[in-house]
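Residue numbers (our numbering): 109 to 575.
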């Protein structure tokens, strides 16, 4: 295997800089090494000592560069969207069973991505026919939600580290411009009302915003490969020379192929060894993937310039530090009840249904639904679905999006009421972001009937969604 050189000496000296060193005038070699060392050894010693210094001035952490409220960020993205998205419709046909394949095929067409019109999504049913529905927003939001999952789980373009997803080197994807296409998909999702694809490692987002490799803050948790990550952690956490020697042995299969890494590794230079090894394995080795995503993909709809101008908007891409499932209270607040007028005989029954619906939301959030329905003979599929159910599923059922889109919801989501004794299951009108509840004796009963009806409707998804 060809050796990868991080420290070509002649180039480093002629440019008066080294890749891991913040630019500053280099000291003369004679000042940095003992007088009796040969010239070549002196140069090596100069480089080695430089690598032990504070290698770079840390980038300002763009996650905290600007503090804006959610409403302010939504306003910024919405204004940008209104400027870059043209009003005509751009048809796209998607199979729910093959979201990645069908989306990639259409986004890969040059004329498709030269267009900036609003996507008009038509889903093909399992039978191969088109679903009978007009896309006024709901199908598009549902498509974007499914597409985010497909990008990170099905495309083969990413792998998951403890800090979030990072690009995986896939030579076929590079040759075919798939990372560029993924960047265009992400841009489209952001400006056309999809839930943000906030699953990338902060390391990746740092590079996308700056293009600087050697100023990135990295940790072993940025490495997706478990064996490599644990090996680097052992080096990083070694407290004695003996521990360090044992840890470095775990890196022998690859470290000699990377010229410029500290060698031998000592307690003084192990931090530089770990940082530079991570940079190589996670970024440098895959730079073509990053650059397609960044330079060619995210420039679509001028999203990259927007993120650079407003670094706080990186939350649209960053994997959050804590799980970010939308809480029950947020879903309840978003779905505003559209009550009958005060004084109407219908109003008290509608208010009681809202109480029952919000109790159901919290029951789902607290993972109490299975216990609540334990008196029923639930199927294996129903029990399995209950384990995965969260309030975001309910928001997605009503709107097509399991999180609040970057440009907000339009129109605002709402709960509506139909007084009908013959129907009991929730119905969603995703175009109008409307969740319809049937008010009748069965659903109002003080038992688990309403909760079970909600479960059935959510399990069947688009069957009980009207577009």
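Even for Gly, the Cβ is constructed at its ideal location relative to N, Cα and C.
Opening and closing residue of the alpha helix (DSSP H) in which residue i lies
i: residue 549; result: 549-552
i: residue 310; result: 310-318
i: residue 178; result: 178-192
i: residue 470; result: 455-473
i: residue 381; result: 378-390
i: residue 480; result: 477-480
i: residue 247; result: 246-261
i: residue 504; result: 499-507
Residue nearest to residue i in terms of C-alpha spacing, selected from the options
i: residue 537; options: 364, 458, 529, 525; result: 525
i: residue 302; options: 544, 543, 518; result: 518
i: residue 375; options: 209, 442, 462, 346; result: 346
i: residue 540; options: 465, 186, 444, 353; result: 444
i: residue 369; options: 385, 349, 225; result: 385
i: residue 453; options: 419, 349, 547; result: 547
i: residue 535; options: 549, 248, 553, 504; result: 504
i: residue 496; options: 213, 473, 508; result: 473
i: residue 470; options: 313, 429, 441, 488; result: 441
i: residue 484; options: 563, 380, 348; result: 563
i: residue 51; options: 352, 393, 435; result: With the chain covering 109 to 575 only, the question about residue 51 has no answer from this structure.
i: residue 511; options: 433, 521, 230; result: 433
i: residue 400; options: 278, 360, 310; result: 278
i: residue 337; options: 358, 489, 486; result: 358
Nearest-angstrom Cα separation, counted from residue j out to residue i
i: residue 253; j: residue 411; result: 19 Å
i: residue 73; j: residue 406; result: In the structure displayed, the chain extends from 109 to 575; residue 73 sits before or after that span and is not available.
i: residue 456; j: residue 466; result: 16 Å
i: residue 323; j: residue 464; result: 53 Å
i: residue 389; j: residue 331; result: 8 Å
i: residue 533; j: residue 461; result: 13 Å
i: residue 130; j: residue 321; result: Confidence at residue 130 is low in this model, with a pLDDT of 36, below 50, so its placement is unreliable and the value that follows should be read with caution. Spanning the two alpha carbons is a distance of roughly 12 Å.
i: residue 283; j: residue 175; result: 39 Å
i: residue 478; j: residue 549; result: 23 Å
i: residue 413; j: residue 197; result: 25 Å
i: residue 350; j: residue 335; result: 21 Å
i: residue 419; j: residue 327; result: 22 Å
i: residue 213; j: residue 221; result: 12 Å
i: residue 377; j: residue 344; result: 10 Å
i: residue 266; j: residue 435; result: 28 Å
i: residue 207; j: residue 258; result: 7 Å
i: residue 342; j: residue 269; result: 17 Å
i: residue 178; j: residue 201; result: 32 Å
i: residue 561; j: residue 248; result: 26 Å
i: residue 356; j: residue 481; result: 55 Å
i: residue 520; j: residue 544; result: 14 Å
7 Å CB neighbourhood of residue i in its chain, flanking five on each side removed
i: residue 144; result: Annotation note: pLDDT 44 at residue 144 (below 50); position unreliable, coordinate value reported separately. Same-chain partners within the cutoff: there are none.
i: residue 340; result: 328, 331, 382, 385, 386
i: residue 223; result: 198
Same chain, Cβ closer than 8 Å to residue i, neighbours up to 5 away in sequence not counted
i: residue 299; result: 185, 188, 189, 192, 193, 409, 411, 514, 515
i: residue 315; result: 321, 324, 391, 398, 402
N- and C-terminal bounds of the beta strand (DSSP E) containing residue i
i: residue 527; result: 522-527
i: residue 364; result: Looking at the DSSP string, residue 364 is not in any beta strand (DSSP E), and its letter there is neither H nor E.
i: residue 267; result: 266-269
i: residue 535; result: 535-537
i: residue 436; result: That residue, residue 436, is in no beta strand (DSSP E); its alpha helix (DSSP H) goes 436-442.
i: residue 229; result: 225-232
i: residue 272; result: 272-275
Whole-number beta carbon distance between residue j and residue i, since they are thought to touch under 8 Å
i: residue 58; j: residue 397; result: A query on residue 58 cannot be resolved here, the shown segment of the chain reaching from 109 to 575 and no further.
i: residue 402; j: residue 272; result: Their Cβ separation, rounded to whole angstroms, is 16 Å, which puts residue 402 and residue 272 out of contact at 8 Å.
i: residue 203; j: residue 232; result: 5 Å
i: residue 422; j: residue 313; result: 5 Å
i: residue 542; j: residue 506; result: 7 Å
i: residue 307; j: residue 427; result: 5 Å
Beta-carbon contacts of residue i that lie in its chain and below 6 Å, excluding the five residues immediately before and after
i: residue 132; result: With a pLDDT of only 37 at residue 132, under the threshold of 50, the placement of this residue in the model should not be trusted; the figure read from the coordinates follows. None.
i: residue 580; result: Nothing about residue 580 can be read from this structure; the chain reaches only from 109 to 575.
i: residue 522; result: 444, 446, 542
Cutoff 8 Å: residue i Cβ touching any chain E Cβ
i: residue 312; result: No chain E appears in this structure, which consists of one protein chain only.
Distance cut-off 7 Å: residue i Cβ against heavy atoms of the ligand ATP
i: residue 314; result: Annotation note on the ligand ATP: not contained in the displayed structure, which lists no ligands.
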